[in-house]
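Visitor: Got a structure for you, written out below as structure tokens; questions coming shortly.
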Amino acid sequence: MSQLTITANITAKPDQIDLVKAELQKVVAPTRAEEGCVRYDFHEDNDNPAHFFFYETWESRDLWQAHMNSK
């Protein structure tokens, strides 16, 4: 099977930026420890602090799907 790369864009409401950022940061370490996770990078837009971005690489679509079906 070939690897799967995913990009995810999240935009927080202006009054929720800090909360959204904190919650998103909480998932990074546990996700990196999941089976099949090759890369899971979290970024915040330098020009728009309400915009967050994940760059993910998974060993396979099936393992990514297992991640998506978990908690």
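So the sequence shown is numbered by full-length UniProt numbering: it starts at 1 and just counts up by one. A virtual CB, placed ideally from N, CA and C, is assigned to each residue, including glycine. None of the values given here were measured: they were computed from a predicted structure.
Could you give the distance in angstroms between the alpha-carbon of PHE53 and the alpha-carbon of GLU35?
Guide: Within the sequence shown, the letter at position 53 stands for residue 53. Within the sequence shown, the letter at position 35 stands for residue 35. Each residue's alpha carbon lies about 22 Å from the other.
Visitor: Just list the alpha helix (DSSP H) runs in the UniProt domain "ABM" (4-71), keeping only unbroken ones of 4 residues or longer that don't cross its boundaries, in chain order.
Guide: Listed in chain order, they are 17-32 and 61-69.
Visitor: Tell me which same chain residues have a C-beta within less than 7 Å of the C-beta of GLU59, skipping the five on either side of it?
Guide: Locating residue 59 in the sequence shown gives position 59, where the first residue counts as 1. The residues are GLN3, GLY36 and VAL38.
Visitor: How many whole angstroms separate the CB atoms of PHE42 and LEU24, which I take to be in contact at a CB cut-off of 8 Å?
Guide: Counted from its first residue, the sequence shown places residue 42 at position 42. Counted from its first residue, the sequence shown places residue 24 at position 24. Indeed, because the Cβ distance is near 6 Å, the residues count as touching under 8 Å.
Visitor: Taking just the CA atoms, how far does VAL28 sit from ALA66?
Guide: By 1-based counting over the sequence shown, the position of residue 66 is 66. By 1-based counting over the sequence shown, the position of residue 28 is 28. Spanning the two alpha carbons is a distance of roughly 16 Å.
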